[in-house]
Amino acid sequence: MALWLAIVLMVVTLLVGGVLGFFLARRWFKKYLEKNPPVNELMIREMMRQMGRTPSEKQVRQILASMNQYK
57 MALWLAIVLM VVTLLVGGVL GFFLARRWFK KYLEKNPPVN ELMIREMMRQ MGRTPSEKQV
117 RQILASMNQY K
């Protein structure tokens with residue numbers, strides 16, 4: 057009887073730990089993305105404007121392609 061109870065407790069503990077770990081990881085990742093959003097076209101255009109350049113569409117696409125290549 058004690059062996060059966062120990063096995064059930066281990067399985068329940070693993071399930072609860074897995075569910076809890078999933079939600080904690082999900083919460084951490086959402087906070088991370090809020091602080092560090094992925095780079096998009098608008099951000100690239102704004103960075104180039106701050107450097108004193110007006111980027112063409114081709115330049116923006118090239119920068120995005122080169123950044124996606126290293127992901």
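Heads up: the sequence shown is residues 57 to 127, going by our numbering.
Heads up, the beta-carbon is just placed ideally off N, CA and C, and yes, glycines get one too.
The structure presented is a predicted model; accordingly, all values stated were derived computationally and were not measured.
- Under the DSSP assignment, serine 122 falls in the alpha helix (DSSP H) whose first and last residues are 113-125.
- A contact is defined here as three or more CB-CB pairs under 8 Å, and the segment 80-88 fails this definition with respect to the segment 59-68.
- For valine 67, the three-state secondary structure derived from DSSP is helix.
- The beta carbons of arginine 101 and proline 111 sit closer together than 7 Å.
- If the five residues before and after methionine 104 are omitted, its C-beta is found closer than 6 Å to the C-beta atoms of Pro111, all from its own chain and listed in chain order.
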